[in-house]
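Asker: Number 156 in this note's numbering belongs to position 156 of the sequence shown; there are no gaps in the numbering. Mind having a look at this structure? Questions to follow.
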Amino acid sequence: MALPKFMLIPPQPLDRYRALLGDEEFVEIERIAARARHEFSGHAIWHVSSTARGGGVAELLHSLLPYVRGAGIDTRWVVLRDGSDFFRITKRLHNRLHGSAGDGGALGVDERRDYEATLAVNGAHLARLIQPGDVVYLHDPQSAGLVPMLKELGVKVIWRCHVGIDEPNALAREAWDFLRPYVEAADACVFSRRKYVWEGLDEERVWLMAPCIDAFCPKNQDLEPAAVAAILAVAGLEESLADGTAPVYVRGDGSPGRVDRRAELLQEAPLPADARVVAQVSRWDRLKDPIGLLRCFERHLVDPRVHLVMAAPSAHAVADDPEGEAVYGSLARGWRDLPEDKRRRVHLASLPMNDLDENAAMVNALQRRADVIVQKSIAEGFGLTVAEGMWKGKAVVGSRVGGIQDQIVDGESGVLVDDPHDLGAFGDAIRGLIEDPARAARLGEAARQRVIDRFLGINRLAEYVELVASLMAPAQTMASRKAPTA
Ligand code: UDP
């Protein structure tokens, strides 16, 4: 098995956010950064995740850690290496934490042995690097099993659970029972929402933090409409325009970037210039319900101008998601079976992941091109794609599940559909926005402001510093700890 992989974290200046936040709020951010530089000096904060790309956790770390570094805090990011059955087992845990059976396999003694064996190898490598006094921040079920090993090194350990379920069922509890022996040993457990906190965990060690996005990264930076069109043309989703605009954006490191690759596409033809576009951007995952969205479109969106684009990272590129190819396979069959007039209006795009900035620029362009963004998840930890759409001033239609409910205020900053399986209700919500662009624009404007107020990486910096500080010097800081919100 290869060594865990070190991720580069190019520091980003906090100052970028000054204009967006306003001077008064920004002064407070600078004060927090100065405190952290002082209190954490000489110690590193290690983040451990299972993939560097494709999916919300990777996205969140890419959005937050460059600013933590920009604040002068020594933060590092390591990506675990897979052992034989490791990701199959952790995907099972992931599905069950969402209350879903997934592949239906067991979580017994054999699975625990395989899970621990992979983490033992990863942990042994990490043990050589981590110093006493450091803090380790583990993400999701994939890394939870490292907690006891790391505690033996005498370091403080945070475990962050990015997934959860509003009403836990037996499947979710089965995953909790598998993970509990590890998680209980952590110094702090972080959840995205109050409802996701597991029964029986020590409340004193529980923290709540909403995920966030970065306003300036290639995924979310402003793009001119001509650049949007040019990027989608290179990706193959739109006809090339003759105006010669280059498909350019600014890379994460500030250098000029250009989109050169084509997406793998299942479509009869590119989007017509006058198409009204409904888009869902998600991994090819059953819980995102791409097949339900296809059916919703087939039955309830009959307007010939309306096109549906579903885009995801190319299935074989997301290392910790072994089910992607099968989900894409059934979706592709569903697409082929559509009547010709419907098929012509549905576009499936697997976006290349060779260059993550380029991939992000394609997602950005598609979200900006969309008239309506949909997140038809059956279950959702947070749903960063919702915040990404809202930041771009789009009306988002989402299921009233998980973290989507924290982001969209129904009728104010988007539309929530109560039952994620109700295809007719999704159809009505989407059609309503397509037919009333003024309302869509109003919701989109409120959505953007809501993201500025609550879901930007810079909004999380204070909580991050507070959490780490509480572990480095518990006696002084626990008393002043902010009560978790939400
Ligand atoms: N994403 C991406 N490239 C793609 C498709 C999706 O970077 O080709 C991103 C998407 O923009 C979002 C993340 O993957 O930032 C998905 O996060 P979310 O919280 O919506 O769902 P998760 O994958 O964690 O279940």
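No residue lacks a Cβ here, since even glycine has one placed at the ideal position from N, Cα and C.
If you draw a straight line from the alpha carbon of M209 to that of N459, how long is it in whole angstroms?
Answerer: Along the sequence shown, read from residue 1 onward, the residue named residue 209 stands at position 209. Along the sequence shown, read from residue 1 onward, the residue named residue 459 stands at position 459. Those two C-alpha atoms are separated by around 10 Å.
Asker: For N364, is the beta carbon positioned less than 6 Å from some heavy atom of the ligand UDP?
Answerer: Locating residue 364 in the sequence shown gives position 364, where the first residue counts as 1. Flag unset: Cβ of N364 not near the ligand UDP.
Asker: Any contact of the segment 215-222 with the segment 356-368, i.e. 3+ C-beta pairs under 8 Å?
Answerer: Enough Cβ pairs lie closer than 8 Å, so yes.
Asker: Just the C-alpha distance for A71 and A52, rounded to the nearest angstrom, thanks.
Answerer: As a position in the sequence shown, residue 71 is number 71, starting the count at 1. As a position in the sequence shown, residue 52 is number 52, starting the count at 1. Looking at the two C-alpha atoms, the distance is approximately 22 Å.
Asker: Could you have a look at G389 and say whether DSSP puts it in helix, strand or coil?
Answerer: The count along the sequence shown starts at 1 and reaches residue 389 at position 389. In the structure shown, G389 sits in a helix (DSSP, three-state: H, G or I).
Asker: Between V409, R35, G22 and F6, which lies nearest to A462 when the distance is taken from Cα to Cα?
Answerer: Here residue 462 corresponds to residue number 462 of the sequence shown, with the count starting at 1. Nearest option by C-alpha distance: R35.
Asker: I'd like the ranges of any beta strand (DSSP E) spanning at least 3 consecutive residues and lying wholly in the segment 355-401.
Answerer: Listed in chain order, the complete beta strand (DSSP E) runs (minimum 3 residues) inside the segment 355-401 are 372-375 and 395-399.
Asker: Short check: CB of L423 to CB of C296, under 7 Å?
Answerer: For the purposes of this step, residue 423 is identified with residue 423 of the sequence shown, where counting begins at 1. For the purposes of this step, residue 296 is identified with residue 296 of the sequence shown, where counting begins at 1. Result yes, Cβ atoms of L423 and C296 sit closer than 7 Å.
Asker: Using the C-alpha atoms, what's the distance from P290 back to G427?
Answerer: Residue mapping note: residue 427 aligns to position 427 of the sequence shown, counting from 1. Residue mapping note: residue 290 aligns to position 290 of the sequence shown, counting from 1. Cα to Cα, the separation comes out at about 14 Å.
Asker: Between V121 and L80, what straight-line distance do the alpha-carbon atoms span, to the nearest angstrom?
Answerer: Here the question's residue 121 lines up with position 121 in the sequence shown. Here the question's residue 80 lines up with position 80 in the sequence shown. Roughly 10 Å between the two C-alpha positions.
Asker: What do you get for N364, buried or exposed, if any count of 16 or more other CB atoms within 10 angstroms of its CB means buried?
Answerer: Position 364 of the sequence shown holds residue 364. Label assigned to N364: buried.
Asker: Across which residues does DSSP place C161 in a beta bridge pair?
Answerer: Start at 1 with the first residue of the sequence shown, and residue 161 comes out as number 161. According to DSSP, C161 bridges with F191.
Asker: Under a Cβ-count criterion, where at least 16 other Cβ atoms within 10 Å of its own Cβ denotes burial, should Q375 be classed as buried or exposed?
Answerer: Along the sequence shown, read from residue 1 onward, the residue named residue 375 stands at position 375. Q375 should be labelled buried.
Asker: Do S192 and G457 have their C-beta atoms closer together than 7 Å?
Answerer: Reading the sequence shown from its first residue, position 192 is the one you call residue 192. Reading the sequence shown from its first residue, position 457 is the one you call residue 457. Contact: no.
Asker: What residue range is occupied by the uninterrupted beta strand (DSSP E) comprising I213?
Answerer: Here residue 213 refers to the residue found at position 213 when the sequence shown is read from its first residue. Neither: I213 is in no beta strand (DSSP E) and is coded neither H nor E.
Asker: DSSP three-state call for W284: helix, strand or coil?
Answerer: Residue mapping note: residue 284 aligns to position 284 of the sequence shown, counting from 1. Here W284 sits in coil by DSSP.
Asker: Which residues in the same chain as R112 place their Cβ atom closer than 8 Å to its Cβ, once the five residues preceding and following it in sequence are excluded?
Answerer: The residue given as residue 112 occupies position 112 in the sequence shown. Same-chain partners within the cutoff: F178.
Asker: In angstroms, rounded to a whole number, what distance separates the CA positions of D320 and G292?
Answerer: Here residue 320 refers to the residue found at position 320 of the sequence shown. Here residue 292 refers to the residue found at position 292 of the sequence shown. Each residue's Cα considered, the two are about 24 Å apart.
Asker: Nearer than 6 Å: is that true of the beta carbon of G383 relative to any heavy atom of the ligand UDP?
Answerer: Here residue 383 corresponds to residue number 383 of the sequence shown, with the count starting at 1. Checking every heavy atom of the ligand UDP against the Cβ of G383, one is found closer than 6 Å.
Asker: Using only CA atoms, which one of P304, H316, A106 and R276 lies nearest to R368?
Answerer: In the sequence shown, residue 368 corresponds to position 368, counting from 1. When each option's Cα is compared against that of R368, the closest is R276.
Asker: Output the boundary residues of the beta strand (DSSP E) element that contains H307.
Answerer: Against the sequence shown, residue 307 aligns to sequence position 307. Start and end: V306 to P313.
Asker: Considering just the uninterrupted stretch of the beta strand (DSSP E) at K5, what are its terminal residues?
Answerer: Walking along the sequence shown from the start, residue 5 turns up at place 5. First-last of the beta strand (DSSP E) with K5: K5 to M7.
Asker: Report buried or exposed for L287, applying the criterion of at least 16 other Cβ atoms within 10 angstroms of its Cβ.
Answerer: Your numbering for residue 287 matches position 287 in the sequence shown. L287 comes out buried.
Asker: Ordered along the chain, which non-local residues of its own chain (more than five positions away) have a Cβ less than 7 Å from that of A315?
Answerer: Numbered from its first residue, the sequence shown carries residue 315 at position 315. Here the set comprises W284, G324, E325, Y328 and S350.
Asker: Hey, how far is the Cα of G145 from the Cα of C212?
Answerer: Numbered from its first residue, the sequence shown carries residue 145 at position 145. Numbered from its first residue, the sequence shown carries residue 212 at position 212. Spanning the two alpha carbons is a distance of roughly 25 Å.
Asker: So what does DSSP say about A475, is it helix, strand or coil?
Answerer: As a working mapping, residue 475 is identified with position 475 in the sequence shown. For A475, the predicted model reports a pLDDT of 42, less than 50, meaning its position is unreliable; a value from the coordinates is still stated below. Reduced to three states, the DSSP call for A475 is helix.
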